[in-house]
Amino acid sequence: MPEPFAHEKGRLLFAGPVDFVKGVVAMSGLPAPDRVEVCFAGRSNVGKSSLINALTGRKTLARASNTPGRTQEINFFALGAERYLVDLPGYGYAEAPLAVVAKWQALLRDYLAGRQTLRRAFVLIDTRHGVKAVDREILTLLDRSAVTFQVVLTKADKVSVTVRDETIAQVQDALTKHPAAYPEIVLTSSEKGDGIETLRAIIATLV
Ligand code: GTP
Ligand code: MG
Numbered sequence: 402m403p404e405p406f407a408h409e410k411g412r413l414l415f416a417g418p419v420d421f422v423k424g425v426v427a428m429s430g431l432p433a434p435d436r437v438e439v440c441f442a443g444r445s446n447v448g449k450s451s452l453i454n455a456l457t458g459r460k461t462l463a464r465a466s467n468t469p470g471r472t473q474e475i476n477f478f479a480l481g482a483e484r485y486l487v488d489l490p491g492y493g494y495a496e497a498p499l500a501v502v503a504k505w506q507a508l509l510r511d512y513l514a515g516r517q518t519l520r521r522a523f524v525l526i527d528t529r530h531g532v533k534a535v536d537r538e539i540l541t542l543l544d545r546s547a548v549t550f551q552v553v554l555t556k557a558d559k560v561s562v563t564v565r566d567e568t569i570a571q572v573q574d575a576l577t578k579h580p581a582a583y584p585e586i587v588l589t590s591s592e593k594g595d596g597i598e599t600l601r602a603i604i605a606t607l608v
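The numbering used here runs 401 ahead of the 1-based position in the sequence shown.
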């Protein structure tokens, strides 16, 4: 689809209704797989919930917080009548009680590996930190599950151009090892709005 049309489609889609559907704590609680969905995965505190709020232009739709481990359920948001946006609990967070973390990490993995209607997983990477070992584990899981994933760099407003370019190069290199990777990286700032229109267009044109 030509760029301007994709952007317009994205704008219209996200200008329409977005509603919280439910928070899920077990695979049995997932909504019926009757529409296309995209999810936001990434290390704890990387900015998943903030990105959903920026995309939807609703500041408090997804609970964002300074406290890592804020999102502990899989949260489903209905975007229009044909799509779900899925906010996932962060991974790589070790401060909460071990049993609790183990439970939500297992759910996260089951979801990523087994959700048939999942069209794309956006894997968020902090532009300051690049791809870490825990990210690689998730990327490998997505490869094995044949879930196409796309890297979204977050908090771009917090880095210099030099650091940004170093991170992009590091991520590009990491992606060459992952067959399920979509090659285009999206640089974003939920704070400043960078990359938000692009991401809306990508989500709007996935079928
Ligand atoms: P968990 O649910 O705990 O896994 O975290 P999360 O990935 O949902 O992160 P969340 O959106 O809660 O954001 C974590 C912190 O980063 C918050 O203090 C946000 O305000 C901040 N943050 C998120 N995105 C940006 C951004 O683009 N720029 C800046 N400067 N801060 C951001
Ligand atoms: Mg969150």
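We put the CB at the ideal spot given by N, CA and C, even for glycine.
All values derive from a computational prediction rather than experimental measurement.
Given the structure, does Y494 come close to the ligand GTP, in the sense that its CB is under 8 Å from one of the ligand's heavy atoms? For Y494, the CB falls within less than 8 Å of some heavy atom of the ligand GTP.
I'd like to confirm something about K504: is its beta-carbon nearer than 8 Å to some heavy atom of the ligand NAP, or not? The model depicted lacks the ligand NAP and carries the ligand GTP and the ligand MG instead.
Y492 and S546: beta carbons closer than 9 Å? No; because the gap between Cβ atoms is not below 9 Å, this pair is not in contact.
Note the first and the last residue of the continuous beta strand (DSSP E) segment covering K423. Here the beta strand (DSSP E) through K423 covers V419 to V425.
Residues near V572 in its chain [Cβ-Cβ closer than 8 Å; skip 5 each side]: For V572, where only same-chain residues beyond five positions count, the Cβ hits under 8 Å are I526, G531, V532, V552, L554 and I586.
Helix, strand or coil at R537 according to DSSP, with G and I counted as helix: Three-state DSSP puts R537 in a helix.
CB-CB under 6 Å to T568, same chain, minus the five flanking residues each way: which ones, in chain order? Non-local C-beta neighbours of T568 in its own chain, meaning closer than 6 Å and more than five positions away in sequence, comprise T528 and G531, ordered along the chain.
Identity of the residue in V524, G594 and S561 nearest Y583 by Cα: Of the listed residues, the one whose Cα sits closest to Y583 is V524.
On the premise that T518 lies in contact with R436, defined as a C-beta separation below 8 Å, what is that separation, rounded to the nearest angstrom? At roughly 7 Å, the Cβ-Cβ gap stays under 8 Å, so R436 and T518 are in contact.
Between F550 and R471, what straight-line distance do the alpha-carbon atoms span, to the nearest angstrom? R471 has its alpha-carbon roughly 23 Å from the corresponding atom of F550.
To the nearest angstrom, how far is the alpha carbon of T599 from that of S591? Cα to Cα, T599 sits roughly 12 Å from S591.
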